[in-house]
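Undergrad: If you scroll down you'll find the structure; I have some questions about it.
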Amino acid sequence: MKALLFFGFLLLLGLWYLSFLATRLDRLHHRVETSWANLDVLLQKRAAIALEIAHSDLADPASSLLLTGAAYQARDADIKNRSMAESGLSGALGLLISDGLAHATQLEQSLLQELSALTAKIRVAISIHTDAVSSTVMVRRKFVVRTFRLAGTAPLPVTYEFESDVL
Amino acid sequence: MLTSKLRIGIVCPYGWDTPGGVQNHVRDLAEFLIASGHSVSVLAPAIDEEKLPDYVVSAGKPISIPYNGAVARVLFGPIAYARVRQWIGAGNFDLLHLHEPAIPSISLLACWAAEGPMVGTFHAAAKRQKVIFAIGPILEPAIEKLSVRIAVSEAARLTLTDHLETDAVVVPNGIYAKRYSDGSAQEKWSGNTIGFIGRFEEPRKGLQVLVDALPIIARFAPDVKVFVAGPGDSKDFEKEIDPQLRDRFEFLGKISEQEKADFMSSVSLYVAPNTGGESFGIILAEALAGGACVVASDIPAFDSLLGSGKYGALFESENSTDLAKVVIDLLRDEEKRKKLAIEGKKRAQLFDWEVVAQQIFSIYEMAMVGGKGVTLGSDHRSWNRFLSRDEEKR
Chain L
2 MKALLFFGFL LLLGLWYLSF LATRLDRLHH RVETSWANLD VLLQKRAAIA LEIAHSDLAD
62 PASSLLLTGA AYQARDADIK NRSMAESGLS GALGLLISDG LAHATQLEQS LLQELSALTA
122 KIRVAISIHT DAVSSTVMVR RKFVVRTFRL AGTAPLPVTY EFESDVL
Chain D
26 MLTSKLRIGI VCPYGWDTPG GVQNHVRDLA EFLIASGHSV SVLAPAIDEE KLPDYVVSAG
86 KPISIPYNGA VARVLFGPIA YARVRQWIGA GNFDLLHLHE PAIPSISLLA CWAAEGPMVG
146 TFHAAAKRQK VIFAIGPILE PAIEKLSVRI AVSEAARLTL TDHLETDAVV VPNGIYAKRY
206 SDGSAQEKWS GNTIGFIGRF EEPRKGLQVL VDALPIIARF APDVKVFVAG PGDSKDFEKE
266 IDPQLRDRFE FLGKISEQEK ADFMSSVSLY VAPNTGGESF GIILAEALAG GACVVASDIP
326 AFDSLLGSGK YGALFESENS TDLAKVVIDL LRDEEKRKKL AIEGKKRAQL FDWEVVAQQI
386 FSIYEMAMVG GKGVTLGSDH RSWNRFLSRD EEKR
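Protein sequences appear in the order of chains L and D.
Residue numbers for the first sequence follow the working numbering, so the first one is 2 and each next one is one higher.
Residue numbers for the second sequence follow the working numbering, so the first one is 26 and each next one is one higher.
Spelled out as structure tokens, the structure:
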């Protein structure tokens with residue numbers, strides 16, 4: 002009888018732990034999604050500004066072409082190729098800004114200022130997102146989580162390997 | 026800048042009426058947020074519940090526990106947990122900002138109880154300890170609920186990555202730079218003078234290092250005087266000082282903010298000989314804002330605040346000979362002192378609340394993406410679908 006009670010207690014404890022872990026994992030998945038949504042919005046904004054810069058007098062036809070191409074690529078890329086496309090855009094913007102700053106007019110100055118404010122935000126958003134992804138992946142790697150399939154059908158989050166040189 | 030007005034809940038882990046860096050930071054932040062039109066409620070332990078400002082809610086009386094080599098006045102336990110839950114449930118907050126959530130305190134309890142947009146600020150910088158291997162797994166599920174983690178300095182960020190394997194965004198502590206920038210130089214504090222502000226009785230504030238350096242300094246600058254401001258029993262400390270040097274020290278006791286501003290613009294050098302346990306060094310930022318030429322020990326927090334010596338002179342921590350050397354050099358070179366002070370004043374603008382709050386606002390924005398406000402959480406929500414509870418209500 003005593004042994005039975007003991008095993009019953011252990012079983013209950015185990016169930017409690019499983020349910021706790023499942024909730025924790027659910028919360029982490031939620032965090033990954035929201036931080037990605039946040040990053041995505043900021044990146045879309047950046048692409049829009051890049052297009053505006055491409056159409057301004059700041060860009061000569063050649064770099065305008067490069068920038069427009071990169072911006073569209075960044076917008077269309079799916080989540081797996083996103084970081085590469087965004088790095089391409091960073092590179093194109095970096096090229097332009099490094100030699101465009103000298104002869105920018107008032108309007109273009111404000112565009113560039115907006116861009117640099119956005120870049121600071123993106124940097125923070127990236128660190129938030131990669132952190133969410135890495136802690137999710139860490140929990141999903143746990144033996145218990147894999148055995149009991151606590152992640153359900155949620156896809157494994159994609160690590161966003163943003164090159165560190167976001168301008 | 027956030028345009029909409031938010032309801033923000035801030036949790037301060039340490040007793041509101043005991044002096045300390047975290048409390049000051051929380052008070053300034055809350056007042057800045059209120060001044061920008063947000064509604065703010067601060068939950069903090071308090072000894073005297075009568076004297077609290079009206080935005081502070083008391084969580085009960087703090088208890089003193091030894092933590093990390095110092096005595097922390099914090100609060101936890103079942104009754105405190107109930108209070109925290111009640112505060113979260115009734116507050117209807119858009120966002121919670123928890124300070125120092127990795128110590129046993131109401132911040133940790135709030136982190137455990139709540140669900141939704143949460144920001145955590147980590148103030149402490151400590152060396153890696155073995156005990157963290159035992160504590161880590163308990164803290165992890167709570168800490169990972171925070172949408173965004175803020176560290177007040179690079180040192181605090183390293184502590185966090187070391188201890189809990191999670192990254193953080195660095196946002197410095199804020200100061201009201203304007204309050205210190207218009208101090209007027211006072212005759213009584215000028216000349217060959219050295220200033221020190223802090224709880225001088227605590228060994229980690231390092232006044233002893235300065236006392237040990239003084240004999241050498243006095244040999245080269247015979248008229249040097251040291252002014253020590255800050256709460257504490259000066260009689261006890263004076264007994265420790267070599268009688269020949271005793272008259273060079275003057276203890277001013279606790280001074281007001283205005284006096285502090287005057288103090289900073291009067292003294293020739295401001296010395297911060299702290300030996301450790303400092304994670305940001307708010308007093309240094311204030312000294313820089315006040316236009317003082319700063320000499321500080323080279324502990325990581327001060328090193329990064331002073332840009333490795335660009336905005337103030339550094340000396341090897343706990344080495345009084347080195348301190349004496351740096352002080353004598355600067356006392357003799359007014360040109361260099363002025364240059365450092367000007368550079369430092371520029372540097373201090375980075376820590377002004379206007380700038381810092383902007384960064385905090387943008388982090389709030391990011392934390393609130395997709396969140397529908399703060400609610401009391403459940404650790405077993407996966408059962409809801411079997412119990413046919415309404416998921417949407419959460």
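Glycine included, C-beta positions come from ideal geometry on N, C-alpha and C.
Just so we're clear, the structure is a prediction, and the values are computed from it rather than from any experiment.
Does the region 253-271 of chain D come within contact of the region 345-358 of chain D, defined as at least 3 CB pairs closer than 8 Å?
TA: The region 253-271 of chain D, when compared against the region 345-358 of chain D, does not touch it at the 8 Å Cβ threshold.
Undergrad: Kindly list, in the order they appear in chain D, the residues whose Cβ is closer than 9 Å to that of L:S111.
TA: Locating residue 111 of chain L in the first sequence gives position 110, counting from the first residue. What L:S111 touches in chain D: nothing, since even the nearest Cβ is about 16 Å away.
Undergrad: When you compare the CB positions of D:M393 and D:L121, do they come within less than 7 Å of one another, or not?
TA: By one-based count along the second sequence, residue 393 of chain D stands at place 368. By one-based count along the second sequence, residue 121 of chain D stands at place 96. It is not a contact, given that the beta carbons lie outside the stated cut-off.
Undergrad: D:S387 CB to nearest chain L CB: under 7 Å?
TA: Taking the second sequence and counting its residues from 1, the one referred to as residue 387 of chain D is at position 362. Yes - at least one Cβ of chain L is within 7 Å of the one on D:S387.
Undergrad: How many whole angstroms separate the CB atoms of D:S342 and D:S322, which I take to be in contact at a CB cut-off of 8 Å?
TA: Numbered from 1 along the second sequence, position 317 holds the residue referred to as residue 342 of chain D. Numbered from 1 along the second sequence, position 297 holds the residue referred to as residue 322 of chain D. About 4 Å; that satisfies the 8 Å criterion.
Undergrad: Whole-angstrom Cβ separation of D:L375 and D:C318, contact assumed at under 8 Å?
TA: Counting from 1 along the second sequence, the entry for residue 375 of chain D is found at position 350. Counting from 1 along the second sequence, the entry for residue 318 of chain D is found at position 293. At roughly 18 Å, the Cβ-Cβ gap does not stay under 8 Å, so D:L375 and D:C318 are not in contact.
Undergrad: Would you kindly work out how many angstroms separate the C-alpha atoms of D:M26 and D:S66, rounded to a whole number?
TA: Taking the second sequence and counting its residues from 1, the one referred to as residue 26 of chain D is at position 1. Taking the second sequence and counting its residues from 1, the one referred to as residue 66 of chain D is at position 41. Per-residue confidence for D:M26 stands at a pLDDT of 48, beneath the threshold of 50, marking its modelled position as unreliable; no derived number is given.
Undergrad: How big is the Cα-Cα spacing for D:A193 and D:A210?
TA: Working through the second sequence from its first residue, we reach residue 193 of chain D at position 168. Working through the second sequence from its first residue, we reach residue 210 of chain D at position 185. Their Cα atoms are separated by approximately 40 Å.
Undergrad: Would you call the region 232-246 of chain D in contact with the region 303-310 of chain D, where contact means no fewer than 3 C-beta pairs closer than 8 Å?
TA: Counting Cβ pairs under 8 Å, fewer than three are found: no touch.
Undergrad: Return the CA-CA distance between D:A107 and D:G46, expressed in angstroms with no decimal places.
TA: For this step, residue 107 of chain D is matched to residue 82 along the second sequence. For this step, residue 46 of chain D is matched to residue 21 along the second sequence. Rounded to whole angstroms, D:A107 to D:G46 spans 27 Å at the Cα level.
Undergrad: Is the region 37-55 of chain L in contact with the region 74-84 of chain L, if contact means three or more CB pairs nearer than 8 Å?
TA: Contact holds: three or more Cβ-Cβ distances are below 8 Å.
Undergrad: Who are the neighbours of D:G141 on chain L, taking C-beta pairs under 9 Å?
TA: Mapped onto the second sequence, residue 141 of chain D falls at position 116. Near D:G141 there are no residues of chain L at all, since even the closest Cβ is about 10 Å away, more than 9 Å.
Undergrad: Can D:P298 and D:G231 be called in contact, C-beta distance under 7 Å?
TA: Start at 1 with the first residue of the second sequence, and residue 298 of chain D comes out as number 273. Start at 1 with the first residue of the second sequence, and residue 231 of chain D comes out as number 206. Their beta carbons are under 7 Å apart, which means D:P298 touches D:G231 by this criterion.
Undergrad: Check whether the Cβ of L:S136 lies closer than 7 Å to any Cβ atom in chain D.
TA: On the first sequence, position 135 is the one that residue 136 of chain L refers to. It does: the Cβ of L:S136 has a partner Cβ on chain D nearer than 7 Å.
Undergrad: Name the two residues that bound the continuous alpha helix (DSSP H) containing D:K361.
TA: Here residue 361 of chain D refers to the residue found at position 336 of the second sequence. From DSSP, the alpha helix (DSSP H) with D:K361 extends over E359 to A373.
Undergrad: Evaluate the contact criterion for the region 90-104 of chain D versus the region 126-138 of chain D: three or more CB pairs, one atom per stretch, below 8 Å.
TA: In short, these stretches touch, since the Cβ pair count reaches three.
Undergrad: Report the neighbours of L:I127 on chain D: residues whose CB is nearer than 7 Å to its CB, in chain order.
TA: As a first step, residue 127 of chain L is located in the first sequence; it is residue number 126 there, counting from the start. Correct list: empty, because the minimum Cβ distance to chain D is about 10 Å.
Undergrad: D:H188 versus chain L: which residues are under 7 Å apart at the beta carbon?
TA: Counting from one through the second sequence, the residue named residue 188 of chain D turns up at place 163. Near D:H188 there are no residues of chain L at all, since even the closest Cβ is about 14 Å away, more than 7 Å.
Undergrad: How is L:Y73 classed by DSSP in three states: helix, strand or coil?
TA: Along the first sequence, one-based indexing puts residue 73 of chain L at 72. Correct three-state label for L:Y73: helix.
Undergrad: Which of helix, strand or coil does DSSP assign to D:E341?
TA: Taking the second sequence and counting its residues from 1, the one referred to as residue 341 of chain D is at position 316. Coil.
Undergrad: In whole angstroms, what separates the C-alpha of L:L66 from that of D:K370?
TA: Residue numbering aside, residue 66 of chain L sits at position 65 when the first sequence is read from its first letter. Residue numbering aside, residue 370 of chain D sits at position 345 when the second sequence is read from its first letter. Going by the C-alpha atoms only, they are around 45 Å apart.
Undergrad: Counting only runs that start and end within the region 108-193 of chain D, where is the alpha helix (DSSP H) found for 4 or more residues in a row?
TA: With a minimum length of 4 residues, the continuous alpha helix (DSSP H) runs that stay inside the region 108-193 of chain D are 131-138, 157-168 and 179-189.
Undergrad: Under 7 Å, Cβ to Cβ, is there at least one residue of chain D near L:D132?
TA: As a working note, residue 132 of chain L is residue 131 in the first sequence. Closer than 7 Å: yes.
Undergrad: By the three-class DSSP mapping on this structure, what secondary structure does D:V196 have?
TA: Within the second sequence, the letter at position 171 stands for residue 196 of chain D. In the structure shown, D:V196 sits in coil (DSSP, three-state: anything other than H, G, I, E or B).
Undergrad: Straight-line CA distance for L:A93 to D:C37?
TA: On the first sequence, position 92 is the one that residue 93 of chain L refers to. On the second sequence, position 12 is the one that residue 37 of chain D refers to. If you take the alpha carbons of L:A93 and D:C37, they lie about 45 Å apart.
Undergrad: Hey, D:L277 and D:F245 are a contact pair by Cβ (cut 8 Å); roughly how many whole angstroms apart?
TA: Residue 277 of chain D sits at position 252 when you count from the first residue of the second sequence. Residue 245 of chain D sits at position 220 when you count from the first residue of the second sequence. Incorrect: roughly 25 Å between the Cβ atoms, too far for contact.
Undergrad: Indicate the three-state DSSP secondary structure (helix, strand or coil) for D:S403 in the structure shown.
TA: Within the second sequence, residue 403 of chain D is the residue found at index 378, counting from 1. Three-state DSSP puts D:S403 in coil, outside helix and strand.
Undergrad: Identify each residue in the region 146-176 of chain D for which the Cβ-Cβ distance to at least one residue of chain L is less than 7 Å, and report them in chain order.
TA: Under the 7 Å Cβ criterion, the region 146-176 of chain D contributes P166, E169, K170, S172 and V173.
Undergrad: Starting from D:G46, follow the alpha helix (DSSP H) in both directions and report where the run begins and ends.
TA: Translated into positions along the second sequence, residue 46 of chain D becomes position 21. Segment G46 to A60, the alpha helix (DSSP H) holding D:G46.
Undergrad: Looking only at its own chain, which residues have a Cβ that is under 8 Å from the Cβ of D:V82, when we skip the five neighbours before and after it?
TA: Translated into positions along the second sequence, residue 82 of chain D becomes position 57. Result list for D:V82: S66, V67, L68, A69 and W112, in chain order.
Undergrad: For D:G332, which beta-bridge partners are listed by DSSP?
TA: Here residue 332 of chain D corresponds to residue number 307 of the second sequence, with the count starting at 1. D:G332 is not bridged to any residue.
Undergrad: Mind checking the region 184-210 of chain D against chain L and listing, in chain order, the residues whose C-beta falls within less than 9 Å of any C-beta there?
TA: Listed by position, the residues of the region 184-210 of chain D near chain L (Cβ gap below 9 Å) are E190, T191, D192, A193 and V194.
Undergrad: Please report whether the beta-carbon of D:D415 lies at a distance below 7 Å from any beta-carbon of chain L.
TA: Stepping through the second sequence from its first residue, residue 415 of chain D is reached at position 390. Its pLDDT being 48, under 50, D:D415 is placed unreliably by the model, and nothing is read from it.
Undergrad: Going along the chain, which residues of the region 32-66 of chain L sit with their C-beta nearer than 8 Å to a C-beta in chain D?
TA: Residues passing the 8 Å Cβ filter: R32, E34, T35, S36, A38, N39 and V42.
Undergrad: Tell me, please, whether the region 320-340 of chain D touches the region 171-191 of chain D by the rule of three or more beta-carbon pairs shorter than 8 Å.
TA: As far as the Cβ criterion goes, the region 320-340 of chain D touches the region 171-191 of chain D, which means the pair count is three or higher.
Undergrad: Is there a Cβ of chain D sitting closer than 7 Å to that of L:R25, yes or no?
TA: Position 24 of the first sequence, counting from 1, holds the residue named residue 25 of chain L. Yes, L:R25 lies at the interface with chain D (some Cβ there is under 7 Å from its Cβ).
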